[in-house]
Structures are given as structure tokens and as C-alpha cells.
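Note sheet for the following structure.
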Amino acid sequence: MSHDPIAEIGETHLLPPDTTFHHVTESVSRVTENKAPRGWWILFLLSLALAGCLLASLTYLVTAGVGAWGNNNPVMWAWDITNFVWWIGIGHAGTLISAILFLFRQKWRTSINRFAEAMTIFAVMCAGLFPGIHTGRPWFDYYMFPIPNQMALWPNFKSPLMWDVFAVSTYFTISLLFWYVGLIPDLATLRDRSKTAKRRAIYGAFALGWRGSNRHWRNYERAYLILAAISTPLVLSVHSVVSFDFATSVLPGWHTTIFPPYFVAGAVFSGFALVMTLLLIARTVFQMQDIVTMKHLELMNKFMLATGSLVGYAYAMEFFIAWYSGNPYEWHVFRSNRLAITVGEGGVSMAGSYWWAYWAMIFCNVLVPQTFWFKKLRTSIPWMFAASILINIGMWFERFVIIATSLHRDFLPSSWGYFSPTIIDITLYIGTIGLFGTLFLLFIRWLPMIAIAEVKGVLPHADPHHGTPGDHAPLDAYVAAESPAE
Amino acid sequence: MTRRDPHDPPAMWRSLEDKADPERPSRRAQAEAHDPDGFISADAIVSRRGFLTLSGATAAAVGLSGCIRRPVENILPYSRAPEYVIPGVPMHFATVTERRGDALGLLVESHEGRPTKIEGNPDHPATEGATDVWAQASLMDLYDPDRSQRAARRDGAGNLADAGDTTAAAHQAFEEALGARLEEHDADGGAGLRLLVQPASSPSFLRLRRAVRERFPSARFHTWSPLSSSNLRQGAWLAFGLPVHVHQDFARARVILALDSDFTMTEPGAVRNQRRFANGRRLESPSDDMSRLYVVEPSPTVTGASADHRLRLPARDVGRYLKALCRELASNHGVDFGAVTGALGSPSTEGIPEKWLGAVARDLAESRGQNVVVAGSRQPPAVHALVHALNRALGNIGRTVGFTPAVDPEERDQVTDLRELAEAMGAGDVRTLIILGGNPVYDAPADLGFAESLGDIEFSVHLSMHRDETSRRCLWHVPRAHELEAWGDMRAIDGALSVQQPLIAPLWGGRSEIELLAQVAGERNWRGHSIVRRTMRESMGQGTGFERFWRRVLHAGVVPGTAVAPGGDLPIREPEIASAVRDLRDPEGALGADDLEVTFAPCPKLFDGRHANNTWLLELPDPISKICWDNAAYLSPSTAAALGVENGQMLRLSREGAEDIEVAAWVQPGQADFSIGLLLGWGRAHAGRYGDGRGFDVYPFRTSTALGFASGVSVRPGATGYLLAQTQEHGSLEGRAIAIEGTLEEYRDEPRFPKFQTVEMNIPPLWDTVDYQGHKWGMSIDLTTCTGCNACTIACQAENNIPVVGKRQVARGREMSWLRLDRYFVGEDENDPRFIMQPIGCVHCEEAPCENVCPVNATAHSPEGLNDMAYNRCIGTRYCANNCPYKVRRFNYFTFHGYLEGDGVLGGDYYGVPEVKQMQFNPNVTVRMRGVMEKCSYCVQRIQEAKIRSRRTGEPIQDDWFTSACAQACPSHAIVFGDLNDPNSEVARLRQRDRAYLLLAEVGTRPRTTHMAAVRNPNPEMNG
């Protein structure tokens, strides 16, 4: 290319400069139109098997009772709420990428936002499952909703769990709407490319009669902006509210004002990590390296470095305050239950009960993202894949550390206990991963996994302008090549 | 209601018709017999309910648990209401129960004919309104679904088989067989007829024994119980030449020295001892005195845990210690032992710290006439005799120690008695053996060969609640009536006579000991009611007004004027004591890893094994080790290190002359070195569905010469990893001000010392605090007088329908007890800690952290300040329990009431609860389903009852109208419940007491329960 205005003004291309509209449409749409590759089938069947395992475990759980979990007294919450917070945290990246980055005009988000939004929705679905099934009598869960009834039952709005109900359901509703609104132009593209009547009818119905008129675009853009504006505070509120479950209690290790920002940072951190994991797989399986480029990946790694450092700071500050406050119960939780380094006669030893969970968390969440200071590691696909998985393991441990290690040894030593999971704990957790995988793979197979219209919007050709003749040679060539329908 | 055989005698008090003719089937029973659809015979293998349970479980298994139709249950009104019975209003009946030769007077609550709760009879001298753990738990024995329901005879294959198709037919078959047999004996005067009985404290039993001897002059009675008081009796006989009971007044004693004596829990008279001991230590103000308790014992007991100074000493060295102490007193303090002095010799003081002789002797010498020395029943008679000499020399007799005549003066040394029987059986001299109660095949000394020769006896009968180990070796088994089902009478050790009044007709047609004995004696009217009345009438003489007297006795529970004050003017027989003490040789050689001692103690839960199928007791945590569902071999930490043994490792114990046994090891701080503590009563083979195979049977190791302890034991450690489930795994206070204790000196220096250890919340509340007008319920728990005996825990369980969860669930940390007893070890030396007990249930915080986190308002504050649970609202988020700083909330992870009935895979189901067990439920307390949180309610049902009474009568609620179940049961009176707004209430006074503190006050919860710091009274000379 002889003349490259983007390079000339000192910017780099988000996508290769020779990417055409057609190429974008083609490479995204064909995933839904061609036969699924073998890799998809393997992953799908595996996920479906795990989702079946979830169903079986749920049946058993409801039949036998929540004693099927390993929870006990004092550890009344364990994997159930750990999984809930973990999934909710993962669900944060979607809104953040879609809404906040949209409002900040971060154009690089276009290649990953659909992906992240879908992930959010499925993650929130998995998250929402846990509070529903961890209750002793799940068939009465509706007591938590403010439904007028003859029993004069009304929820207790003082309870952070109630706030959770509203925060999570609002978040889910808005995220779903946002995702769906963003999908409409792309659904129309798929409708127009349909070769069968059935396909045309289904996509057509969901495309809501989209014809790409100027008026449609205007309404669409406005709706999208409004939803983005509504979603933005939700990114902060949902996980803040989730953190109130802990922060408003009296339990040492939970009763901490640092929790809301700490939880939000952690949520974004884990959400980005999961987007990264999924993106790297999909990008390879469906060969979309030219739409999701190294530039995107590197930017995401920088995000993880930033949020990982925030999380690390929160860990340190939490620890400092536990010591500085002089509260013996809180200091005990940090020193003995978590850090667990005992300096005794036999030298330094790890003597606490959950030291392994705490140190796994520190390694995964604090040390691993620090490697992204190095460009070489930041742009290494194998390393970033490994790091993204480690970060999510670390974030699971973070929630487990907060919940179980605080609970298992609190005020009265006579009540101290220890939690160990049962098979059901494990199958329910793995099962939700299966459910998530199943939904996500179906999404990839039936919906455009990358926002076609938005990616096109950030291509240079979408921004035609006057200039010297020849400036628009690529555009002219493009116009000639594209079909009129585009 | 009861599921009974239609031909069984009907339940007591059901109607006046029943009362008039108890033999006639009731209308309902007749109706039931003709309406197979409406009532299920007990014989049906798969009952309608059972079928529905199965189908329900199946439906649940396919995920339809929400759609199960509940079985139709009909509630039938009385067609003719019995007089006095008002549905919903419980009645109380006075009765009595036997405990180690003593009688405990009880008041039993009955709801529409079902006894549901047992309390102490305030008018009875042995209980004074309190009870012990076994009295509280005996309801579960009554409603044990595995009780034998029919007389049975050994069949050709050697198994017991029902002797008839109905209870009545089976009894008839037995009576015919017995009658024929006795007729044969009429010819030979009872030659070859032996009766093996329990130690008797019943006047009717003594009368019938005479009657049997009249009919069969050659018949012989033998007495056996595994936990006998024979050593006490023989020691007293040595010292005084008379069969007497010894009474100690622990309330008046300033110094108490307990030598291997758990006098507050397992020794005879424990309930009254505990009350008196607590009274001697109750501190109203810093100027009050309290007694000082020294305990010398091998294995920690609740008495040892209450001690101001505790010396862990192997049981065999206790006699040596006593001799050395007497020597010290005689030599350095001028205590005159008379002729006994010479017998003391110069015992070795190896292993006994000097201060335990010098300082203890000085303390005893300085408190002459105001102290008590007491020895435990497993110590040999010579030790008891020397204790009597010591008490006499110290001038205690007549002041703090007194005597009353023995109830059964004929009682002999039980081992000798049983040995004679076993020898006669072995020699073939016994043709007919009638065993009334007990379980000698399980608990007789292993070397007597009793069990082996029992099977060879031509005609043997065992009267027993279960078809247990002994029944299975007898020709006949006869179901025995529970104490709450049968008429009887009993004397306490101070002579107080009580009538045992049944609360319910025998559920399974059982007979009592005296009824069977009356049949043997050939009495025409052998019903318990007639026997007891006849005994009473005979003892009264032919006076008038018997009916009036009888009704009064039944109402009061004790015959007025029968209790005698212990007297003290018995002459002591010094030469006999001297010769016994001379024979009390110092043990040879030192104990070590290859020469260990074992001690046998009654289990503080299962006692001697008679409660082995009682789920409440099986799950009750041991007061010291906090182990449930098992016993273990207790080793001191240093012994465990020397043997290389860890917790849960199997030990094979061997000793010459005894069978080897295998027991799991448990490292018990406070255990004497090289002494292994074993608890009796476990490892039953035929206890029932809950008790079979639980724990380890140590009876095979207990021989006739070593009933209390034995040395020369070697240990072979085996496989590791036996699971011992504990309810409290962490015993250190971690330096926290939780169970606060101080010395009497510290208390006098600063009476408010607990408040300096806790931090009161100084932050002003964010909102206005509630000013509670009207009632303001509160509780006070005194850690000084609490011994940790567990009576409150079982009382709470019985009152509040609290389920048991089984060993696996306890190991998971899911026990349900609303009131738990926390036991902490205090001190640096892990081999020899001090103990502190802290009962804790919900403290009913005024600012309850549990309340504002519940999303569905299932736990909320009442206007009287109770932290109430609305079970119907609870969906089980468990958030409240997480936010409870006291961790007193309990969650129904499964349907625990039915959990033990199945294999636990489907989590239990309420309809699996045996119907007879459902009879125990307190109808005033909701039976919680799975998935629901529960916790101490301050016995809100009792509060409501009192409020209803107040509204009805117009009187304000008085402090003595009611109390919580735990407070009512507590023999120490350590727990007090009442209205804090009532200026006359005890609890309001106690809350203002200087020692009172609020647990975890710094969290800002403002609890309604106050604890009062434990005050110890150590001897300053014993320090260092």
C-alpha cells in the first residue's frame, strides 16, 4: 500500500489495512452457515455432558437436601456462594467492554464486545443459579421477591441478599437488552444471507424488520447509547452490592469497607481473563486472527495488569488494616487463617488450615499479571492463555478465601470447624462450567460472535473523507467489489 | 398416637372405662381392629405409611419432591373425654427413677397421655427440682423403636422367636411355661431356682423377695450390676460394722478432697452432691466464702474439671497417696488416727508432688471439721475405710459427713455374689434362672464364665427392654416395662420413700421386675398397682384413710417424713481399718510404656450400657473429650508420644487373665501418664438399630478382680484413621476473653474483673435503642458453678424437639444442639491443663446481627426482646448463621429426624421417623423440616404458657412460675432465666452482679444472656 493515512497520523491499524467489509461479513457469518468444525463438536459434547451432570446433581440436591453440599456449621457458605461471586465477577467484563469502553470511544472494543456480552449473560445465568439452589428450601425462593401475597410476606429490604436479588436481576435484564439491541443489524445480515426459508424466518423475526435505513440507524444508535449509559453504573453497582453481602456483616474478614472497589476491580480482572481464554480459543478454531488482532489482545492484557495491580493493592491494604486496626479477631483471620506463616521454634512453617488457598490466590492474582509488564510476555499467546486461566483460578480462590477462611474460625474457638467439599460441590461447579460452555458454543454456532456492523464502523473505509485524488483508491476498489446489499 | 397391637392393654388414662377395666380393649382399639384401612397393625411388614414413604422417596428421586401428596392423617376426638384431660393442657405426674442405688424424684409432663418431658421433683430430697442427663434422656429409652414387643422363646435353631401372635398370647404362653416350672419347684422347695436381680431400693421388691423365699425356701437371690456401690458399702462395713450409706455435705465443706471420685456426675447421689457442691461455691458478693476442691484422679471427669487443684494420678496410686497424706497429717499436724496410725507405714511418695502432701495436709488440718474427704466407688474398700478414719480424725463426721442405714441391708459384695452364681451354673446346680433386668452377658466380669454357662440352663428367663445379649442366651425373653410405664416404689439413700407412678400403659405390654417377681411368689394379684399399694398399706399398718394418704403420696411424689437426716455418731472400728490398710500395699514398680494401667469408668453418656440405643445420649458430646457416637481409650499427650500413638489409631490392649480388646486412641489432656481411661457401656452387639456396634466394648477386659482398674497392660498400636467425631475440635481460648475466670483473691481485689477483660462497645448506636417495656426476658449463666454435666443439653433437646444427626454429620459439623457446652483447656502444660466449661445457646442479642441479614424476615425481634425464628418463613439462606458471632444457629441440612432411619443417601424423610418416636415430640414446639434454620428460643413456648396463665388469672407473671428447660434441669442452678424487668426476679439481680459480663460485648450485639465469670479458689501454697 503506497498511501496509508492512518499510519501517517501516527496511529496503528486496529485491523490489517486491507481488511474489506466483505471479508468481515464473510468471516463472521460463515461460522453460522458452514458445517461446524470438529473442534466445536468436541467442545460442545463435552460441555453438554457436564451440563447433564449439573442437572443430575441438582436433582439430587433438591431431593436429598442441601446437606449434599459440604457446608457445615460454622462454614454455612462455601462453594455455593464462591461460585456465585466468581460467575458474577466474570460477568463484569461484558458490560465494561460494551458500555464503559463504548462511552470512552475505545474503538478496539468492537472486535471483542459481542463475545464479552454473551459471556456476561451466560455467566450471570450460571451465577444466578447458585443463590437459588443454595437455599435450604429452594421451592420457597420466591419469598425473596416482593410479590403481594395472602401470607403477608414481605422481603426484608435491610438484607444485602435482597439488594443482591435486585442488583443481579437488573444487571441481567440490562445486559440481555444491550446484547440483543447490538445484535439486531447483524441478525439482519444473517437473514439476508440465509439460503433456507426457515433460517430466514427465524433470523428475520429476531431482526425486527431491520433494513438498515438511516432512520433505523439513528434509532439504533440512540438506543445503544442509552443502554450503555444505563449499564455503566451497573458495572460498579452489581459487584459493590455483592460485596455488601460480606462487608455489612460482623464477621472478621468480611467486615471491611474496602470491599466494593476491591470487588469491582477483581470482577473486571476475572472477566477480562475469561474473555481472553474464550477469545483465544475461538480465534484459533474459526481463524479470525485478522479481526481479533494482537493489538486487541495486548490491550486486554494491559487491562488485566491494571486491575490485577488494583486487586493486589487491595489485598495488601486489607492485610495492613487488619493489623493496624488492632482488632484481634480480624488479625487472627488474616494471620492464622489465611497467611498462616508461623514463626516458631522449628523455624518458619505454614501451619494455618487454608494457607494453600491464600497463597494460590496471591500467586495467580498478584504475581501472574505482573508478568504483563514485559512486552514479550504480553504478546505471547501461549503465556497469555495460561495466565488467563491462572487468573480465573486465582479469582475463584479469592472468593473461597474470603468466604471459607473467614467463616471457619471466627470469634469463639469452640465453634471452629473445617470445610471440605463433597462430590456434589464439585459436580455442581463443573456442571455450571458445562452449562456455560454449552450456551456459549450454541451462541458461537448460531449468532455472529463478532459485532459485524461495529467492526465495519471502525474500518478506515467507514470514514470516507475528501482529499487528493487517489486517496480513496482503496475505497473505490472496495465499492466496486461490494455487493449493493451491503 | 401409639401404634399398638389391638389386643394390647390400652394406654393409661385414656378413658375412665379403661381405668375401670384395663383388660378390655378400648373402643378405638376395637374400631381399629375392624377397620384395617384406618389403622395399621404393628405386624404389617410394609405398612401404608411405609409404602407411602417408599413411593414418596421414589417420586422424590425423579425430581418430583414438591409434588408428593402427604398421607391422610385422621385426628379423632375423644368420644367420651377422660376427666381432667384438657386437650392442649399438659398434666404433670410425680414419679421416681433409680440411679446407682439412689432414687431421683421426678415430675413428668404428659400431653394427652404421652409423657414428653421429665423434670426433677422439687419436693424430693435427691433432686430438689433438678435432674441429671439420664433422667432427661430416659424418654428416648421409653420411645425406643427397638424395644422388645413380645415375649419370646428360644426355638430349635437357638434364636428367639415370638411366643405368640399377639402380645397377650405371647405373655400367656410364657406365664403357662413359668407356672408349670414353678409348680415343679414347689415340689423341691426351689432347689436349683436362682434369681439374678439388680440392687434393690424398692420396699415392694424387698417384700416380694421375702414372699418368694417363703414359697421356695431353697431358692437363692443374687445381685449384680456392673456399676455397684459394693466398695463403698464394704468400706463402710469395715469402718463401722454396719450397712450404711455415707452422705457428704459439700455445701458446708470448706475444703473438699475427692480421691478418684466423680461425685458430681457418676457417683451415687450425684444430683444432690452437685447441688450442694454448687451451693458451697455460689458467690453473691466478694465477701462470700467458697469451698476449695482438690481432685486426685487418673482420667479427667467433670468433677476434676471443676477442681481448684487437680492431680492426675493413676488409679492404683490413689491409695498410696491417701496413706502418704494421712501419714503427713499424723506426723506434722497432730491428726490422731488412733490405732490406724501404725498401719500407715511410710508409703512411697514417688510421683506425688510435695505440695500435694504438705500444702493439702495443712489445708485439711486448718479446716478441721469443715472439710470432706471422699473416695470414688472404684477404689478398694480399704481406701474407703481409711477415708472414714481420716474424716473421723479430722472431726468431719457429724458435721460434713453423716450416715443413714442402707436400704437393703442384705446386699453383699456383688462380684462374690455373681461368682457364686456362675460357679453354681458351671457345676450344673442351677436348673431355673430368672434374670430381672440388667444385661449380665454383656457386662459381667469376663473371667466368671457366666455367659458361657447361661445357655446350658434348662429354664432361663430374662426380663429386659430389648432382646439383648443376655436375652439371646436365655430360653425365655420377657419384655420389660420402662420406669415410666410401671408401678413401683423406691427409697432414696436417705430413706425418702417415693411411689413410681406410670405415665402411660406399657407400650409393648412389658412387665416390671416386681410384677414378674410377684408371679414367681405366686401372688394372685400381681399387677404393679396392687403390689405397691399392698406394700404401702402393710407398712402403714391397718390405719384408716389409706386412700387419702395414697392420693397425697401420688401427688407429692414422696412420702412425708420418710427421709432421715444423716447421723454421725457411729463408733469407728480402728483395728479392722488398720488391718485393711496394712493389706493395702503400695503398687510394685513404676508404670511405663510396657506396664500401663487401665481404668474403667461409667460412661457419662451411656452409663453402663443400658442407654446404648438412646440416640440423644449417643450423640451427646462427652463432657471432656467432646466425642460423640463413640468411646475411646484416653491417653495423656506424653503417653501417646511415648507409645507413638495418634488420635484415631487403633490400640490392642492385652493383659494377663483378660481377653485382648481393640479400642481407638484419643489423646486427652489431663489424663494421668501411663494410665489409659476406658469408658464402659459401648460396643453393644444387640442394643438396637442405633447402638449396635457403636464404640468399643471394654467389658471383656474387666475381670472380677479388676473391676475398677488394672495394671500390667501392654498396648500394640494398630491401624490409624478411625474417625472419632467431636462437636468441638478446638480447645484453646486463643487468649480471648470468652470464658473468663479468675481466682477468689483476684475477685476480692477487683469484683468487676471480667469487665476489664472485655471491651464494652462505646460507639453510640446509629439508631434509637428500644426501651423494652413489659417483659424483658434474659438469662444468666454462672461459670463458677457449672460443672459441664450436660443435663441442660438433653433437657433442651427433649423440650424443643431437636433431632440427632448421626456420627457422619457430627463429623461434618452439623450437630443440632441448641445449647452447647464449650470446654476450653487453660494453661501452658498440655498434659495437665485446667478446664473451663461454658454453656452457650442463643444469647438473644438486642442488636442481633442475624436479623437484618435475613432476606425474608424469618428471624425477627419480639417486643419482649426475643430473637424469634419464624420457621415457615425461613428459606434457608444461612446468612443469619454466618453473621452470628456466637455460632449458635443450627441448620437442618437434611430431614434429620428421619435421617438415621435410612442410609442417609436421600437425606432422610419425616415419615421414616418411627411412630413411637414421634410420641416424644413436644406438641408446643414446631418440628422443623429440612432447609430451615433453628436455634435457642429461650423456651418461648413456656413463656407463652405463662402469659396465657397470667391473662387467665389476672396475676402478673411470677419469677417462680416457669423457667427455661435448661435452667430447670441444672443441678448446679448455674442457669437462671426470667424477666429482667421484674425487680424481684433472680435473673435481674444476677445481671447486676459484679462478675457478670456480656460475651463478645465488643461486637455491639448487646446480648440478653449474661455469663458470670468463673471464680476459682486455689491454695496460694500450691503455686509453683
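Chains as they are written, first to last, in the working numbering: chain A, 1 to 486; chain B, 10001 to 11024.
Just so you know, even glycine gets a beta-carbon here, dropped at the ideal spot from N, CA and C.
1) Taking Cβ positions only, does Leu412 of chain A come closer than 7 Å to chain B?
2) Please state if the CB of Ser388 of chain A and the CB of Met294 of chain A are separated by a distance shorter than 7 Å.
3) Could you check whether the Cβ of Gly417 of chain A sits closer than 7 Å to any Cβ belonging to chain B?
4) Drop a sphere of 10 angstroms on the beta-carbon of His10973 of chain B, count the other beta-carbons inside from all chains shown, and report buried for 16 or more, exposed for fewer.
5) Rounded to the nearest angstrom, what separates Pro10090 of chain B and Asn10984 of chain B at their Cα positions?
6) List, in order along the chain, the chain A residues whose C-beta lies closer than 7 Å to that of Cys10854 of chain B?
7) By DSSP's criteria, Asp10959 of chain B is part of a beta bridge. Which residues make up the other side?
8) Just curious, the beta strand (DSSP E) that Phe10825 of chain B is in, first and last residue?
9) If the criterion is Cβ atoms closer than 7 Å, does the pair Gly11039 of chain B and Leu10906 of chain B meet it?
10) Going along the stretch 10890–10911 of chain B in order, which residues come within less than 8 Å of chain A, judged by CB to CB distance?
11) So with CB distances below 8 Å, who are the chain B contacts of Thr257 of chain A?
12) Considering only residues of the same chain and omitting the five flanking positions on each side of Ile90 of chain A, which have a CB-CB separation below 6 Å?
13) By the DSSP assignment, the beta strand (DSSP E) with Leu9966 of chain B in it spans what residues?
14) Smallest Cα separation from Ser10138 of chain B: which of B:Thr10416, B:Ala10126, B:Arg10099 and B:Gly10338?
15) Go through its chain and collect everything with a Cβ distance to Ile230 of chain A's Cβ below 7 Å, but skip five positions before and after it.
16) Which residue marks the beginning of the beta strand (DSSP E) containing Gln10248 of chain B, and which one marks its end?
17) Suppose contacts are defined by Cβ-Cβ distances below 7 Å. Is Arg10419 of chain B in contact with Leu10454 of chain B by that definition?
18) So for Pro364 of chain A, helix, strand or coil by DSSP?
19) Taking only beta-carbon atoms, is Gly132 of chain A less than 7 Å away from chain B?
20) Determine the DSSP secondary structure at Thr427 of chain A, reduced to helix, strand or coil.
21) Contact between the stretch 10374–10385 of chain B and the stretch 10223–10240 of chain B: three or more CB pairs below 8 Å?
22) Less than 6 Å between C-beta atoms, sequence neighbours within five positions excluded: which residues of the same chain meet that for Asn11017 of chain B?
23) Between the C-alpha atoms of Gly209 of chain A and Arg105 of chain A, what's the straight-line distance to the nearest angstrom?
24) Could you name the residues of chain A that Ser10732 of chain B contacts, counting a contact when the two beta carbons are closer than 9 Å?
25) Between Thr10877 of chain B and chain A, is there a C-beta pair that is closer than 7 Å?
26) What is the rounded straight-line gap between the Cα of Arg10548 of chain B and the Cα of Asn10279 of chain B?
27) On the premise that Phe10709 of chain B lies in contact with Ala10315 of chain B, defined as a C-beta separation below 8 Å, what is that separation, rounded to the nearest angstrom?
28) Mind checking whether Thr10400 of chain B and Ala10565 of chain B have CB atoms under 7 Å apart?
29) Can you check whether the C-beta of Asp10822 of chain B is within less than 7 Å of a C-beta belonging to chain A?
30) Taking 7 Å as the CB-CB cut-off, is Ala247 of chain A touching chain B?
31) Tell me the DSSP secondary structure of Gly10510 of chain B in three-state form.
32) Below 7 Å between beta carbons is the criterion; list the residues of the stretch 73–102 of chain A that meet it against any residue of chain B, in chain order.
33) Are any of the Cβ atoms in chain A nearer than 7 Å to that of Asn10857 of chain B?
34) Closer than 6 Å by C-beta to Pro10025 of chain B: which residues in its own chain qualify, once you throw out the five before and the five after it? Chain order, please.
35) Please specify which runs of the alpha helix (DSSP H), each continuous and at least 4 residues long, are wholly inside the stretch 392–456 of chain A, giving them in chain order.
36) Which same chain residues, not among the five before or five after Asp10035 of chain B, have their C-beta less than 8 Å away from its C-beta?
Concretely, from the data shown:
1) Taking the first sequence and counting its residues from 1, the one referred to as residue 412 of chain A is at position 412. Closer than 7 Å to some Cβ of chain B, the Cβ of Leu412 of chain A qualifies, so yes.
2) On the first sequence, residue 294 of chain A is found 294 positions in, with the first residue counted as 1. On the first sequence, residue 388 of chain A is found 388 positions in, with the first residue counted as 1. In this structure, Ser388 of chain A does not lie closer than 7 Å to Met294 of chain A by Cβ.
3) Your numbering for residue 417 of chain A matches position 417 in the first sequence. By this cut-off, Gly417 of chain A is an interface position.
4) Position 973 of the second sequence holds residue 10973 of chain B. With 16 or more Cβ atoms within 10 Å of its Cβ, His10973 of chain B is classed as buried.
5) Along the second sequence, read from residue 1 onward, the residue named residue 10090 of chain B stands at position 90. Along the second sequence, read from residue 1 onward, the residue named residue 10984 of chain B stands at position 984. Distance between the alpha carbons of Pro10090 of chain B and Asn10984 of chain B is about 28 Å.
6) Locating residue 10854 of chain B in the second sequence gives position 854, where the first residue counts as 1. Under the 7 Å cutoff, chain A gives Asn156 and Ser159.
7) In the second sequence, counting from the first residue as 1, residue 10959 of chain B sits at position 959. Answer is none; Asp10959 of chain B lacks a bridge partner.
8) For the purposes of this step, residue 10825 of chain B is identified with residue 825 of the second sequence, where counting begins at 1. Arg10820 to Val10826 is the span of the beta strand (DSSP E), which, as asked, contains Phe10825 of chain B.
9) Since the first residue of chain B shown is 10001 and the last is 11024, residue 11039 of chain B is not available in this structure.
10) Arg10890, Phe10891, Asn10892, Tyr10893, Phe10894, Thr10895, Val10905, Leu10906, Gly10907 and Gly10908
11) For the purposes of this step, residue 257 of chain A is taken as residue 257 along the first sequence, with counting starting at 1. Within 8 Å Cβ-Cβ: nothing; Thr257 of chain A doesn't reach chain B, min ~15 Å.
12) Locating residue 90 of chain A in the first sequence gives position 90, where the first residue counts as 1. Once the five neighbours on either side are set aside, the close Cβ partners of Ile90 of chain A are Ala123, Ser270, Gly271 and Leu274.
13) Given that chain B is displayed from residue 10001 to residue 11024, the structure contains no residue 9966 of chain B and the question cannot be resolved.
14) As a first step, residue 10138 of chain B must be located in the second sequence, where it is residue number 138. Of the candidates B:Thr10416, B:Ala10126, B:Arg10099 and B:Gly10338, the one whose C-alpha sits nearest the C-alpha of Ser10138 of chain B is B:Arg10099.
15) One-based indexing of the first sequence puts residue 230 of chain A at position 230. For Ile230 of chain A, where only same-chain residues beyond five positions count, the Cβ hits under 7 Å are Ile174.
16) Against the second sequence, residue 10248 of chain B aligns to sequence position 248. Residues Val10244 to Gln10248.
17) Sequence index remark: in the second sequence, residue 10419 of chain B carries index 419 (1-based). Sequence index remark: in the second sequence, residue 10454 of chain B carries index 454 (1-based). Result no, Cβ atoms of Arg10419 of chain B and Leu10454 of chain B do not sit closer than 7 Å.
18) As a first step, residue 364 of chain A is located in the first sequence; it is residue number 364 there, counting from the start. Note that residue 364 of chain A is Cys in the sequence shown here, rather than Pro. The answer is helix: DSSP assigns Cys364 of chain A an H, G or I state.
19) The residue given as residue 132 of chain A occupies position 132 in the first sequence. Gly132 of chain A does not count as touching chain B.
20) Here residue 427 of chain A corresponds to residue number 427 of the first sequence, with the count starting at 1. It is helical.
21) yes
22) As a working mapping, residue 11017 of chain B is identified with position 1017 in the second sequence. Contacts found: Met10290, Arg10292, Asp10308 and Leu10744.
23) Within the first sequence, residue 209 of chain A is the residue found at index 209, counting from 1. Within the first sequence, residue 105 of chain A is the residue found at index 105, counting from 1. For Gly209 of chain A and Arg105 of chain A, the distance between alpha carbons rounds to 28 Å.
24) What you label residue 10732 of chain B is simply residue 732 of the second sequence in a count that begins at 1. Residues of chain A passing the Cβ test: Pro413.
25) As a first step, residue 10877 of chain B is located in the second sequence; it is residue number 877 there, counting from the start. Closer than 7 Å: yes.
26) Working through the second sequence from its first residue, we reach residue 10548 of chain B at position 548. Working through the second sequence from its first residue, we reach residue 10279 of chain B at position 279. For Arg10548 of chain B and Asn10279 of chain B, the distance between alpha carbons rounds to 36 Å.
27) In the second sequence, the residue the question calls residue 10315 of chain B occupies position 315. In the second sequence, the residue the question calls residue 10709 of chain B occupies position 709. Yes, they are in contact, since the Cβ atoms of Ala10315 of chain B and Phe10709 of chain B sit about 4 Å apart, within 8 Å.
28) The sequence position of residue 10400 of chain B within the second sequence is 400, counting from 1. The sequence position of residue 10565 of chain B within the second sequence is 565, counting from 1. No, the Cβ-Cβ distance between Thr10400 of chain B and Ala10565 of chain B is not below 7 Å.
29) Counted from its first residue, the second sequence places residue 10822 of chain B at position 822. Yes, its Cβ sits closer than 7 Å to a Cβ of chain A.
30) In the first sequence, residue 247 of chain A corresponds to position 247, counting from 1. Not one chain B Cβ lies under 7 Å of Ala247 of chain A.
31) Position 510 of the second sequence, counting from 1, holds the residue named residue 10510 of chain B. Looking at Gly10510 of chain B - three-state DSSP - the assignment turns out to be coil, as it is neither helix nor strand.
32) Asn73, Pro74, Met76 and Trp77
33) As a working note, residue 10857 of chain B is residue 857 in the second sequence. Asn10857 of chain B counts as touching chain A.
34) The residue you call residue 10025 of chain B lines up with position 25 of the second sequence. Confidence at Pro10025 of chain B is low in this model, with a pLDDT of 43, below 50, so its placement is unreliable and no value can be given for it.
35) 423–446
36) Translated into positions along the second sequence, residue 10035 of chain B becomes position 35. Because the pLDDT of Asp10035 of chain B is 36, which lies under 50, any placement of that residue in the model is unreliable, and the number read from its coordinates should be weighed accordingly. Closer than 8 Å at Cβ, skipping near neighbours: no residue.
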